[in-house]
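Novice:
Numbering (the working numbering), first residue to last: 2 to 282.
1. To the nearest angstrom, how far is it from the Cα of residue 5 to the Cα of residue 158?
2. Closest by CA to residue 98, which one among 197, 219, 234?
3. Cα separation between residue 42 and residue 96?
4. In three-state terms, what does DSSP make of residue 71?
5. Does chain D have any CB closer than 8 angstroms to the CB of residue 42?
6. Can you find the residues in the same chain that come closer than 6 angstroms, C-beta to C-beta, to residue 56, ignoring five residues on each side of it along the sequence?
7. Would you list the residues sitting across from residue 65 in a DSSP beta bridge?
8. So, helix, strand or coil for residue 167, using DSSP?
9. Ordered along the chain, which non-local residues of its own chain (more than five positions away) have a Cβ less than 8 angstroms from that of residue 151?
10. How is residue 141 classed by DSSP in three states: helix, strand or coil?
11. Could you give the residue range of the alpha helix (DSSP H) that holds residue 245?
12. Do you know offhand how far residue 88's Cα is from residue 267's?
13. In angstroms, rounded to a whole number, what distance separates the CA positions of residue 34 and residue 119?
14. Rounded to whole angstroms, how far is the Cβ of residue 244 from the Cβ of residue 221, which I believe are closer than 8 angstroms?
15. Compute the beta-carbon to beta-carbon distance between residue 204 and residue 162, rounded to the nearest angstrom, for a pair I have assumed lies under 8 angstroms.
16. What first and last residue would you give for the alpha helix (DSSP H) that runs through residue 110?
17. Am I right that residue 54 and residue 246 are in contact with their C-beta atoms under 8 angstroms? What's the rounded C-beta distance?
18. Could you check whether residue 257 and residue 32 sit closer than 8 angstroms to each other, using their CB atoms as the reference points?
19. Is the Cβ-Cβ distance between residue 228 and residue 235 less than 8 angstroms?
20. Could you pull the start and end residues of the alpha helix (DSSP H) that residue 54 belongs to?
21. Expressed to the nearest angstrom, what Euclidean distance is found between the alpha-carbon atoms of residue 19 and residue 48?
22. Buried or exposed: where does residue 110 fall if 16 or more other Cβ atoms within 10 Å of its Cβ makes it buried?
23. Please classify residue 223: is it buried, with 16 or more other beta-carbons within 10 angstroms of its beta-carbon, or exposed?
24. Just how far apart, CA to CA, sit residue 289 and residue 154?
25. So is residue 226 buried or exposed if we call it buried at 16+ other beta carbons inside 10 Å?
26. Around the C-beta of residue 121, are 16 or more other C-beta atoms found within 10 angstroms, so that it is buried, or is it exposed?
27. In the structure shown, what three-state DSSP assignment does residue 269 receive?
28. By how many angstroms is the C-alpha of residue 13 removed from the C-alpha of residue 276?
29. With C-beta atoms as the reference, is residue 102 less than 8 angstroms away from residue 164?
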């Protein structure tokens with residue numbers, strides 16, 4: 002049995018990971034097919050007085066918000082923002098953290114010390130406050146800036162994990178053989194990449210859920226995606242005044258946010274177990 006097939010069998014045997022993958026697939030399908038699935042224009046306000054906080058009905062599956070906008074349609078289009086930021090920032094953070102980790106693991110003691118001490122200093126800084134200060138520079142933060150800023154502050158833990166993995170692999174036989182044949186650090190790094198890729202895949206999949214929650218927290222604080230454009234965070238913010246009179250306005254994006262974050266974490270846990278060679282039977 003090939004390693005890839007063995008990994009798939011281990012992942013498939015994990016029911017929690019399969020459930021998470023199914024939830025992720027539903028969320029991605031909803032975001033991609035939002036223009037087809039949405040029953041209303043997410044920005045349309047058909048009756049701001051008569052339909053304010055209307056309960057779920059056949060016309061509005063999840064009710065309407067404080068401005069009479071359809072919650073179901075806004076939920077679908079809000080998924081586009083949350084998933085785009087989550088996946089893109091996680092991948093960018095994995096690439097950046099992987100590069101720093103490989104450089105620290107293969108570099109000399111001086112480079113290793115400088116990079117890891119810099120990582121320690123950055124880890125000591127509160128991430129949310131850094132992002133709030135950076136977002137304050139924009140009146141309306143574009144989506145690409147949200148991805149860049151979150152990725153720029155989210156690669157630190159990944160770099161330490163990759164560095165530890167590279168340090169462990171440096172004593173393996175294939176690295177020793179490459180050095181004996183005159184291979185430089187670039188060639189060694191190319192040999193190490195397939196082994197480090199599993200660590201990066203797990204880190205990225207586990208980071209997506211946290212980044213989705215972080216983006217929602219920033220939107221809830223009035224940063225990131227600005228109304229009337231929908232995101233799950235600002236939908237929860239807009240539903241706060243109606244928490245007791247129309248709880249579905251905040252409940253729908255809150256449930257979607259929680260379920261998606263948990264789903265990505267389950268997939269990440271499943272990938273970690275499936276990619277672990279000690280899990281093989």
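Note that the Cβ used here is the ideal one computed from N, Cα and C, for glycine as well. Here the structure is a predicted model, which is why all the values come from computation and not from measurement.
Specialist: Looking at the atomic coordinates:
1. Taking C-alpha positions only, residue 5 is separated from residue 158 by approximately 27 angstroms.
2. The shortest C-alpha to C-alpha distance from residue 98 to any of 197, 219, 234 is the one to 197.
3. Those two C-alpha atoms are separated by around 37 angstroms.
4. Residue 71 falls in the strand class under three-state DSSP.
5. No chain D appears in this structure, which consists of one protein chain only.
6. For residue 56, where only same-chain residues beyond five positions count, the Cβ hits under 6 angstroms are 64.
7. Looking at the DSSP assignment, residue 65 forms a beta bridge with 71.
8. In this structure, residue 167 counts as helix in the three-state DSSP scheme.
9. These residues qualify, in order along the chain: 86, 90, 94, 132, 212, 215, 216.
10. Coil at residue 141, not helix or strand.
11. Secondary structure note for residue 245: it is in no alpha helix (DSSP H), with a DSSP letter that is neither H nor E.
12. Their Cα atoms are separated by approximately 15 angstroms.
13. Cα-Cα distance, rounded: 43 angstroms.
14. The distance from the Cβ of residue 244 to that of residue 221 is about 13 angstroms, inconsistent with a contact at the 8 angstroms cut-off.
15. Approximately 6 angstroms separates the beta-carbon atoms of residue 204 and residue 162; this is inside 8 angstroms, confirming the contact.
16. Counting along the chain, the alpha helix (DSSP H) containing residue 110 begins and ends at 110-125.
17. Their Cβ separation, rounded to whole angstroms, is 6 angstroms, which keeps residue 54 and residue 246 in contact under 8 angstroms.
18. No, they are not a contact pair.
19. Against a cut-off of 8 angstroms, the Cβ pair of residue 235 and residue 228 comes out as a contact.
20. Annotation: residue 54 is outside any alpha helix (DSSP H) and is labelled neither H nor E by DSSP.
21. C-alpha separation (whole angstroms): 42 angstroms.
22. Exposed: under 16 other Cβ atoms inside 10 Å.
23. A residue is called buried once 16 or more other Cβ atoms fall within 10 Å of its Cβ, and residue 223, having fewer, is exposed.
24. Lying before the first or after the last residue shown, residue 289 is absent from the chain, which here runs from 2 to 282.
25. A residue is called buried once 16 or more other Cβ atoms fall within 10 Å of its Cβ, and residue 226 is buried on that count.
26. Residue 121 counts as exposed, since fewer than 16 other C-beta atoms from the protein chains shown sit within 10 angstroms of its C-beta.
27. Residue state, collapsed to three classes: helix.
28. Cα-Cα distance, rounded: 12 angstroms.
29. Contact check for residue 102 against residue 164 passes: the beta carbons are separated by less than 8 angstroms.
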